[in-house]
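Only one structure is covered here, and it is reproduced in the block below.
Below you can see the structure in the form of structure tokens.
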């Protein structure tokens with residue numbers, strides 16, 4: 058009975074830490090800026106989560122995040138349509154950003170896929186060596202893997 062209680066307490070502590078991190082330093086999205094333009098007017102914001110380039114011109118570009126599009130005033134550099142980018146900009150009403158810095162995230166999807174590979178390998182070896190006992194609520198070594 059003590060093990061499930063410890064697991065529950067540790068899960069609650071983890072949830073509290075996640076909530077605190079989100080409330081103390083929330084990530085600003087395009088949706089936040091457009092929903093309350095007065096609050097974010099002139100503020101420097103960083104957009105780096107799933108931001109893609111829709112269209113570029115020599116002096117500006119249009120970016121897309123979470124179903125919303127906004128025009129960014131500033132040179133797009135070598136960013137191309139369809140590419141993931143992260144950017145630092147100042148928000149200006151009515152739904153416009155003044156670019157300060159732009160970083161294309163080339164190969165982003167490939168990096169995500171490659172980062173999953175070690176996790177899958179670890180899970181494979183873990184499940185080959187251990188099994189979960191639901192009645193006792195813990196992992197136990199498989200018979201064929203025992204060393205003693």
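In this note's numbering, the protein residues as written are 58 to 205.
Just so it is clear, CB atoms sit at the ideal spot from N, CA and C, and this is done for glycine as well.
Just so you know, these numbers come straight off a predicted model, no measurement behind them.
What's the call for residue 108, buried or exposed, on a 16-neighbour Cβ count within 10 Å? With a threshold of 16 other beta carbon atoms within 10 Å, residue 108 meets it and is buried.
Would you kindly work out how many angstroms separate the C-alpha atoms of residue 172 and residue 199, rounded to a whole number? Taking the straight line joining both Cα atoms gives about 28 Å.
Option in 145, 80 and 181 with minimal Cα separation from residue 101: Selected option, being the one with the closest Cα: 145.
Whole-angstrom C-beta distance between residue 150 and residue 61, which should lie under 8 Å: Your pair residue 61 and residue 150 does not check out as a contact, with CB atoms roughly 52 Å apart and the cut at 8 Å.
Sort out for me which residues DSSP pairs residue 59 with in a bridge. None, per the DSSP bridge assignment.
Alpha carbons only, please: which of 147, 190, 181 and 79 is nearest the one belonging to residue 129? With respect to the C-alpha of residue 129, the residue from 147, 190, 181 and 79 having the closest C-alpha is 147.
Determine the burial state of residue 70: buried for a count of at least 16 other Cβ atoms within 10 Å of its Cβ, exposed for fewer. Counting C-beta atoms within 10 angstroms of its own C-beta, residue 70 has fewer than 16 neighbours from the protein chains shown and is therefore classed as exposed.
Buried versus exposed call for residue 115 [16 or more other C-beta atoms within 10 Å across all chains shown]: Answer is exposed; the Cβ neighbour count stays below 16.
Residue interval of the beta strand (DSSP E) (run including residue 111): First-last of the beta strand (DSSP E) with residue 111: 109-113.
Which value, in whole angstroms, describes the spacing of the CA atoms of residue 185 and residue 192? It is roughly 20 Å from the alpha-carbon of residue 185 to the alpha-carbon of residue 192.
Among 65, 159, 196 and 97, nearest to residue 113 - alpha-carbon criterion: When each option's Cα is compared against that of residue 113, the closest is 159.
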